[in-house]
Amino acid sequence: MPEPTAPLDGYTIAFDLDGTLVDTIGDLHRALNYVLQMEQLPLASLEDVRAYVGQGARALIIRACGVHGVHPSEMKIDLLTEEYVDAYARDIAALSAPFPGVVDALENLKSQGASLCVCTNKGTRLSNQLLDALDLSKYFAAVIGADQLRNRKPHPDHYLFAIRSARGTPARSIMVGDSANDVQSAKAAGAPVAVYAYGYTDTAPDLLGADAVFKHFEELPDLAVRLLNYQPTPRV
3 MPEPTAPLDG
13 YTIAFDLDGT
23 LVDTIGDLHR
33 ALNYVLQMEQ
43 LPLASLEDVR
53 AYVGQGARAL
63 IIRACGVHGV
73 HPSEMKIDLL
83 TEEYVDAYAR
93 DIAALSAPFP
103 GVVDALENLK
113 SQGASLCVCT
123 NKGTRLSNQL
133 LDALDLSKYF
143 AAVIGADQLR
153 NRKPHPDHYL
163 FAIRSARGTP
173 ARSIMVGDSA
183 NDVQSAKAAG
193 APVAVYAYGY
203 TDTAPDLLGA
213 DAVFKHFEEL
223 PDLAVRLLNY
233 QPTPRV
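Next comes the structure, spelled out in structure tokens:
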């Protein structure tokens with residue numbers, strides 16, 4: 003195997019999207035309340051939405067209705083999910099932006115030789131639309147939404163497929179996320195996990211079982227090197 007020319011050559015880093023790379027809560031909140039208003043249900047707060055996200059649009063609708071004792075039929079859920087996705091996609095980045103430091107961290111990781119991918123329970127079409135709108139697509143070798151395979155996060159298949167789609171090796175990879183789904187998916191695949199402290203989860207980040215929790219994306223490049231146990235080849 004050729005000697006690495008940069009600290010992260012040959013390593014792959016998978017990122018969750020909502021609540022990790024991008025602060026999307028405003029647009030998710032906007033789209034969800036559009037649907038709840040249609041159904042004459044009480045509107046959700048931003049904090050409600052933070053706790054609901056992570057399993058995809060359909061699960062979001064089910065949970066948001068369920069807290070009010072409303073349990074729509076499967077057909078109705080399909081219709082509400084379609085309305086939600088349409089409302090969200092119409093102006094997908096109106097209230098969304100990368101978290102502070104994300105772009106610099108991605109640039110840094112790429113400059114160190116890492117291959118980057120997105121592993122998200124969001125649909126692939128919406129994920130690509132959002133990344134394009136925020137000029138982030140150029141950083142990623144693969145974007146793997148939950149619709150691309152049978153088992154989504156927290157199943158390890160989702161993580162493994164994302165890493166391999168970026169031409170990476172699971173044994174030389176790391177997950178960066180914000181939720182139990184991210185931690186469980188990567189851990190089941192045997193990969194270390196770093197959790198962003200200000201993401202979307204109803205569990206305290208320190209209790210998610212990650213290998214590390216970070217508060218600022220400026221920390222991530224050095225943290226990734228440490229978690230991947232990279233040892234520079236001694237110079238002779």
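Basically our numbering = 1-based index in the sequence shown + 2.
We put the CB at the ideal spot given by N, CA and C, even for glycine.
On a predicted model such as this, the values are computed, not experimentally measured, just so you know.
Test item: CB-CB of residue i and residue j under 8 Å
i           : j           : result
residue 226 : residue 165 : no
residue 169 : residue 117 : yes
residue 38  : residue 55  : no
residue 135 : residue 90  : no
residue 94  : residue 82  : no
residue 86  : residue 61  : no
residue 229 : residue 172 : no
residue 174 : residue 7   : no
residue 122 : residue 18  : yes
residue 196 : residue 206 : no
residue 142 : residue 120 : yes
residue 124 : residue 148 : yes
Through-space distance from residue j to residue i, alpha-carbon basis
i           : j           : result
residue 68  : residue 112 : 42 Å
residue 192 : residue 182 : 15 Å
residue 208 : residue 189 : 15 Å
residue 16  : residue 47  : 30 Å
residue 115 : residue 178 : 17 Å
residue 262 : residue 92  : The first residue shown for the chain is 3 and the last is 238, placing residue 262 beyond what the model contains.
residue 72  : residue 221 : 43 Å
residue 57  : residue 231 : 31 Å
residue 204 : residue 41  : 25 Å
DSSP beta-bridge partners of residue i
i           : result
residue 83  : According to DSSP, which records beta bridges pairwise, residue 83 is partnered with nothing at all.
residue 175 : 14
residue 100 : 24
residue 144 : 119
Contact set for residue i: own chain, Cβ-Cβ below 6 Å, skip 5 residues either direction
i           : result
residue 233 : Confidence at residue 233 is low in this model, with a pLDDT of 40, below 50, so its placement is unreliable and no value can be given for it.
residue 219 : 103, 104 and 107
residue 75  : none
residue 26  : 20 and 98
residue 217 : 199
Residues of its chain near residue i, where Cβ-Cβ distance is below 8 Å and the 5 sequence neighbours each way are ignored
i           : result
residue 153 : 159 and 160
residue 35  : 45 and 46
residue 145 : 119, 120, 122, 126, 129, 130, 133 and 139
Sequence-distant residues of the same chain with beta carbon closer than 7 Å to residue i, five excluded per side
i           : result
residue 70  : 43 and 44
residue 22  : 178, 179, 180, 198 and 201
residue 223 : 107, 110, 111 and 114
To test your reading of the DSSP string, which unbroken alpha helix (DSSP H) runs of 4 or more residues are found completely within the region 150-231? 158-167, 182-190 and 222-229
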